[in-house]
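Only one structure is covered here, and it is reproduced in the block below.
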């Protein structure tokens, strides 16, 4: 019997040449998930209420770099998405902020803005979108190049920059239009919307989601990982007196941007996943001979976080609901492609600070920098010393842009001028450090905030004075919070891989989000993005 069994097994293997192994040579699909404004601690803080099939499944069966960080300043949405997918920092890929002052044309430009294209679907004002301001390739571009464009790449998000930058220069991208309540694209990608997009938009799901009341998923008294619901540190929706549950969305939409209100609720994430699954089906992704790539960004976590802050019951509820969406996605991938036939990675575009006024109330050093007062004082200082002139052309994103022509006209040494401004600004409460553009261009910083500033400093695009605030200081008002610094509360984000050829485990080794794209390059056996500076995560790529 044993001999017969062995002969039969050899016959099966010979007639079916290692089909199982061939099927596992490469994944059918890569799904990149960026959760906008997600801190690493959210994976632990709400874990008791997460299901076994969402975040916990990825943490248990995937590989997590617990000490993953952004390695540059500023930590904003546009640079974050670009950096994850290019494997490099703004110094190289050129997306230095969400929008920035363009010195060559003397005006602000948007990171994904492109006036040469027009809307396809949606509204005209939301159609000037493409990835052309990004100066390097992405991992999604390299996948398309490696397969002679047979691999399909689709980027999906509520935010246009969260869709267009990850999709790269060669993929397709769709984002939510708050004016029409539909998903749209631009003429950079298509002349008209694919039929599956029209079909999705015809379902008018946004109206369904906004016809309900946002209440807590579980009894509110069980939300013990957040502060009291009614407190003075959270922002409010227009038309509601308190920042408290429940939220009658049908009533609030009239005074809160109509369709745009969906972004500031957890149902924006639900709608995004609805569209992403429609994209997988409509484009028949993962069904061909080559690996396809879905770049998925959940934007609503950022909108909720900005308004209510990281200690709010609203953010706790949003993450409990997002956990259910992650489970829905993983179950769909299992059913459609089979377990271990796909790769999922999950990270964030930045994290977030605590609400400054809340920290002050708890006697933790913090504050809000009165930017207008500081800049007015600086203007007066320069005028008194150097005379009349518009010496400062722009202040944005913690950077000051000087009028170089005026400085040359007055025969003033630029470096000396920068240093005097820096010394003046250091006198202000809330400003910790000030660096000059000259220093960024002429010195190499190897550690600390100066290094992270330099990794975010683009020689052609960045400013002349770079300001670093004290820890826990913001530039906002008395409610809500923000991000953008190089401190750990803004930099420590999830780096989590799951699925095909990913070993189970975790590491506390320092890693950066620019390591994500090189790791995928090694796993997929394709070229690194052409500006990549990150390193592969060896615990994943070189598993024993």
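Numbering (this note's numbering), first residue to last: 39 to 582.
For every residue, glycine included, the Cβ atom is placed at its ideal position computed from N, Cα and C.
8 Å Cβ shell around residue i - same chain, five flanking residues per side excluded
i	result
residue 571	125, 126, 127, 130 and 552
residue 310	194, 195, 196, 214, 334, 335, 336, 337 and 338
residue 315	367 and 370
residue 412	463, 466 and 469
residue 569	124, 125, 126, 130, 131, 173, 174 and 175
Cβ-based burial, residue i [other Cβ within 10 Å; buried from 16]
i	result
residue 143	exposed
residue 294	buried
residue 389	buried
residue 499	buried
residue 437	buried
residue 121	buried
residue 75	buried
residue 326	exposed
residue 269	buried
residue 73	buried
residue 403	exposed
residue 481	exposed
residue 60	Residue placement at residue 60 is flagged as unreliable, the pLDDT there being 43, under the threshold of 50; the coordinate-derived value follows with that caveat. With fewer than 16 other Cβ atoms within 10 Å, it is exposed.
Per DSSP, cross-strand counterpart(s) of residue i
i	result
residue 285	252
residue 107	530 and 550
residue 439	432
residue 474	503
residue 338	Note: residue 338 sits in no beta bridge, so no partner.
residue 146	139
residue 385	72
residue 493	According to DSSP, which records beta bridges pairwise, residue 493 is partnered with nothing at all.
Residue i versus the options, residue with shortest Cα-Cα distance
i	options	result
residue 306	511, 157 and 215	215
residue 187	403, 238, 113 and 208	208
residue 173	132, 153, 197 and 164	132
residue 95	429, 382 and 120	382
residue 577	560, 569 and 564	560
residue 322	414, 234 and 287	234
residue 239	312, 253 and 185	312
residue 162	218, 141 and 93	218
residue 272	249, 347 and 319	347
residue 299	277, 448, 318 and 319	277
residue 524	326, 486, 228 and 274	486
residue 229	157, 237 and 410	157
residue 250	108, 287, 259 and 223	287
residue 84	225, 345 and 358	358
residue 149	236, 65 and 199	199
Cut-off 6 Å between Cβ atoms - residues of its own chain near residue i, not counting five sequence neighbours on either side
i	result
residue 331	68, 178, 181 and 191
residue 341	301 and 302
residue 264	349, 350, 351 and 354
residue 58	Only weak support exists for where residue 58 lies, its pLDDT of 40 falling under 50; the value from the coordinates is given anyway. Nothing listed; no residue qualifies.
residue 565	180
residue 261	351 and 354
residue 275	290 and 294
residue 297	216, 219 and 244
Residue i at chain B interface by Cβ criterion, 8 Å
i	result
residue 141	Among the chains in the structure shown there is no chain B, since it carries only a single protein chain.
Test item: CB-CB of residue i and residue j under 8 Å
i	j	result
residue 501	residue 439	yes
residue 204	residue 435	no
residue 520	residue 507	no
residue 110	residue 493	yes
residue 105	residue 446	no
residue 475	residue 450	no
residue 395	residue 516	yes
residue 542	residue 99	yes
residue 391	residue 510	yes
residue 567	residue 386	no
residue 284	residue 252	yes
residue 165	residue 232	no
residue 159	residue 380	no
residue 304	residue 356	yes
residue 108	residue 484	no
Sequence-distant residues of the same chain with beta carbon closer than 7 Å to residue i, five excluded per side
i	result
residue 579	557, 560 and 561
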